[in-house]
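Residue numbers (my numbering): 1094 to 1209.
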């Protein structure tokens, strides 16, 4: 890698370019991971930031967390026998059961991916 310089007020300054980062497409879980890194894993946060990998890391965590959440909800709902027929027959019971499953799976995702 060759470094080039430009003259600025009788000083030579290196021509440094920041690497192009991927666009930040992360959502809720990515923001939660960012907050966790800033508050509890400062060294990891700084290393990711300096290396230009922070946005990629947050996008990846958000993608993995959403996929894990979706799969867990499907698996637990199937294991508990919560079906579309139940939804059609008794919506209130179905909504309560799905809310319980969602809360449980979000807690699992937070412990497995966000706060690790």
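Think of the CB as a built atom: it goes at the ideal place given N, C-alpha and C, for glycine as much as any other residue. Here the structure is a predicted model, which means the values were calculated and not measured.
For the pair residue 1107 and residue 1148, the Cα-to-Cα distance works out to about 26 Å.
Taking 8 Å as the cut-off, the beta carbon of residue 1202 is found no closer than this to the beta carbon of residue 1164. Cβ-Cβ distances below 8 Å link residue 1141 to 1130, 1147 and 1150 in the same chain, with the five nearest sequence neighbours on each side left out; the list follows chain order. Using a 10 angstroms sphere on the CB of residue 1181, the tally of other CB atoms stays under 16, which defines it as exposed.
The C-alpha of residue 1207 lies about 26 Å from the C-alpha of residue 1188. Partner residues in the beta bridge of residue 1100, as assigned by DSSP, are 1105.
In the DSSP assignment, residue 1134 falls outside any alpha helix (DSSP H) and carries neither an H nor an E.
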